[in-house]
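Below you'll find the structure, written out as structure tokens, and then a few comments.
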Amino acid sequence: MLRGYNAAGAGMIAQQRYQDSLSNNMSNALTPGYKSDRSTFRAFPEMLMRAYDQKQIPTENNLTLPNNQTLGSINSGVYMQEDVPLFQQGDLRETGISTDLALVNQEVPDETGFLFYRVQNGDGEERFTRNGNFTVDGEGYLTTSEGYYVLDENNERIQTGTEQFEVTENGQVISPFDNTLLGIAYHPNANDFVKEGDNLFQNEGDVAVQDARAVEGADFSVSQGQLERSNVDPQQTMTEMMRSYRLFEINQQVTKIYDQSMDMAANQIGRLR
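Position in the sequence shown (from 1) plus 9 gives the number in our numbering.
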């Protein structure tokens, strides 16, 4: 009976974590360049149940048969393993703002390949983003909305000096201060990238990030005055949230039934009246 408690409890915890993931997707539905998370579930390892008894089963001709037979396997519950970003191109939205830049994947040579802007985080380390909602800081540098520097193809900061600059389709920045190329990174397996907040990604794989312009078969364009929308599907996410809530309720009811059964076993069975 305690195994039922464990399975129902594990199901409730898994659905609670799934709700948190779905809620995070919904809260970022309007965040430019945001990539929704997909939750993966796994079952705990199955246990093989066998019946053992030291007594021997008598048979004909004075032979005995050991009483140990396989009863079957039993599952002890499910858990949410991890959240995996869904690297798919979002729709474009017209803004007319010169500092808004949408990175469009035209073609990539690998099925799991993806393109990113190169940026520099607060610790001076290279990170990657799809959020092209840029701005120009007080020193004239092109930065993300969170204040992280946007990098060029040589991993140098881009100084435009003004918000009145042009960006060509191949990512060339033309401004009074600097004429350079936006740093566009390509990775053959975007699943090696993990989120670390502020719409930034970090490469935790063994394969190094490459300059997209040097990768054969990688084709992209940069659209000035547009933003890439989040790839969150609000309708689908709401449906999944309702489904997850129902599953949580079902596991909750199972727990209550087990609790009632335990109460009967402990307090009512065998009572003398």
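Beta carbons are placed, not taken as given, at the ideal position from N, Cα and C, and that holds for glycine.
Roughly how many whole angstroms lie between the Cα atoms of residue i and residue j?
i    : j    : result
V283 : T264 : With the chain covering only 10 through 282, there is no way to say anything about residue 283.
I259 : R12  : 16 Å
V128 : R238 : 19 Å
G20  : A223 : 47 Å
Q24  : Y88  : 8 Å
V93  : N34  : 12 Å
E172 : S154 : 14 Å
G133 : E178 : 28 Å
Y254 : P41  : 28 Å
Y267 : E91  : 29 Å
L95  : A274 : 48 Å
E225 : A38  : 33 Å
E165 : Q235 : 24 Å
T296 : R26  : Residue coverage of the chain in this structure runs from 10 to 282, which leaves residue 296 outside it and unanswerable.
Q28  : M250 : 6 Å
K44  : V182 : 26 Å
Compute the distance between the beta-carbons of residue i and residue j, then report whether it is under 7 Å.
i    : j    : result
Y126 : T138 : yes
F186 : T169 : yes
V176 : Q97  : no
R136 : L209 : yes
F257 : L124 : no
N188 : G99  : no
F53  : G86  : yes
D46  : S30  : yes
D161 : T152 : no
A111 : G149 : no
N198 : T248 : no
First and last residue of the beta strand (DSSP E) that includes residue i?
i    : result
I259 : No beta strand (DSSP E) holds I259; the alpha helix (DSSP H) holding it covers 243 to 276.
Y94  : It should be pointed out that residue 94 corresponds to Pro in this sequence rather than to Tyr. Note, P94: beta strand (DSSP E), 87 to 94.
Y126 : 123 to 129
E134 : That residue, E134, is in no beta strand (DSSP E); it is neither H nor E in DSSP.
D228 : 228 to 233
F50  : 46 to 52
Q173 : Per DSSP, Q173 belongs to no beta strand (DSSP E) and is neither H nor E.
T189 : 188 to 190
V113 : 110 to 116
Let's test the definition: count the other Cβ atoms within 10 Å of the Cβ of residue i and tell me whether it reaches 16, buried, or not, exposed.
i    : result
I167 : buried
Q115 : exposed
Q277 : exposed
S48  : buried
N212 : buried
S184 : buried
G180 : buried
G192 : buried
V8   : Any property of residue 8 remains undetermined from this structure, which presents the chain solely from 10 to 282.
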